[in-house]
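Each remark here refers to the structure printed beneath this line.
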Amino acid sequence: MTGPAAREIVVLKIGGSVGAEVDPAVAAIEALSDAGRPVVVVHGGGPLIGEWSSRLGLETRFVRGLRVTDEPTRDVALAVLVGLANTTLVAALIARGVAAVGLSGIDGAMLRAEREDDELGLVGRVTLVDSSLLEELLAGARVPVVAPAAIGPDGALLNVNGDSAAGAIAASIGARLLAFVTDVPGVRGQDGRIVRTLDRERALALIADGTIEGGMLPKVEACLLAAASGCEAAILATRDADAVERLLAGERIGTVFPAETPVVSP
Numbered sequence: 025m026t027g028p029a030a031r032e033i034v035v036l037k038i039g040g041s042v043g044a045e046v047d048p049a050v051a052a053i054e055a056l057s058d059a060g061r062p063v064v065v066v067h068g069g070g071p072l073i074g075e076w077s078s079r080l081g082l083e084t085r086f087v088r089g090l091r092v093t094d095e096p097t098r099d100v101a102l103a104v105l106v107g108l109a110n111t112t113l114v115a116a117l118i119a120r121g122v123a124a125v126g127l128s129g130i131d132g133a134m135l136r137a138e139r140e141d142d143e144l145g146l147v148g149r150v151t152l153v154d155s156s157l158l159e160e161l162l163a164g165a166r167v168p169v170v171a172p173a174a175i176g177p178d179g180a181l182l183n184v185n186g187d188s189a190a191g192a193i194a195a196s197i198g199a200r201l202l203a204f205v206t207d208v209p210g211v212r213g214q215d216g217r218i219v220r221t222l223d224r225e226r227a228l229a230l231i232a233d234g235t236i237e238g239g240m241l242p243k244v245e246a247c248l249l250a251a252a253s254g255c256e257a258a259i260l261a262t263r264d265a266d267a268v269e270r271l272l273a274g275e276r277i278g279t280v281f282p283a284e285t286p287v288v289s290p
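Under our numbering, the first residue of the sequence shown carries the number 25, and numbering increases by one thereafter.
See below:
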């Protein structure tokens, strides 16, 4: 999708748990939908995956903020993400009058990926986004709700970090804003304070010195990917349904990554 209409799209990345902690995010989606803004939702599900892995006696281990995924863990992750987390979130949105449609990165071959590295196992790094299915749903005033999963080069099903998937989708679809609705108020600097505006140079410096690490790392990397495509990005803890609208209006909430001028190949 290109042109002015594409630049109005908001991509929201939220958690995959459904309950009190996700209600503000659901309310934010409802507010954007009611305002007539085109919205794509990408959700995670880490805590649920961990919970079900523990029930089944599977070990959970992380490297660079990403879940190490063998075949049994991949199967649990996809069952939780595409099944429980996605359908429960879609049902919660429909109950609020939002025309939500659940799908995964597998549908319409939306997300294609290659394996991140051998150490992580069946974890994919998105290499191609086919946004045509999303564009069709948005044109029909639907709200796509995407579970992060991808097709590997050999046809294998790959688990994809939800933050990374959201960044790739926002960059591909030409979104106006990528917003990470989290349980933290933004990115903290070396002094422990929230950094209100974070450009590429400073973000890379905070990554290099270890200030940005763990689960925040893929969020920041996704924001930088989106910003490079000309999309503003932000990491915020939303407690108000209108927080994202206020962000769109220019208010500084959380940590904002300004849109960069995209590099055009000659």
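Cβ coordinates follow ideal geometry from the N, Cα and C atoms, glycine included.
Secondary-structure assignment with DSSP links Ser128 through a beta bridge to Ala171. In the DSSP annotation of this structure, the continuous segment of the beta strand (DSSP E) that includes Arg139 starts and ends at Leu135 to Arg139.
By DSSP's assignment, Lys37 forms a beta bridge with Val66 and Phe204.
About 5 angstroms separates the beta carbons of Val35 and Ala199, which is inside the 8 angstroms limit, making them a contact pair. Leu146 is classed as buried because its beta carbon has at least 16 other beta carbons within 10 Å across all chains shown. Counting C-beta atoms within 10 angstroms of its own C-beta, Pro62 has 16 or more neighbours from the protein chains shown and is therefore classed as buried. In the DSSP annotation of this structure, the continuous segment of the beta strand (DSSP E) that includes Leu182 starts and ends at Leu181 to Val184. For Leu272, the number of other beta carbons within 10 angstroms of its own is at least 16, and it is reported as buried. For Leu102, the enclosing alpha helix (DSSP H) stretches over residues Glu95 to Leu102. Rounded to whole angstroms, the separation of the alpha carbons of Pro168 and Val125 is 5 angstroms. By the Cβ-count criterion, Glu83 is exposed, with fewer than 16 other Cβ atoms from all chains shown falling within 10 Å of its own Cβ. When Asp178, Val205 and Gly179 are compared, the shortest CA-CA separation from Ala190 is found for Val205.
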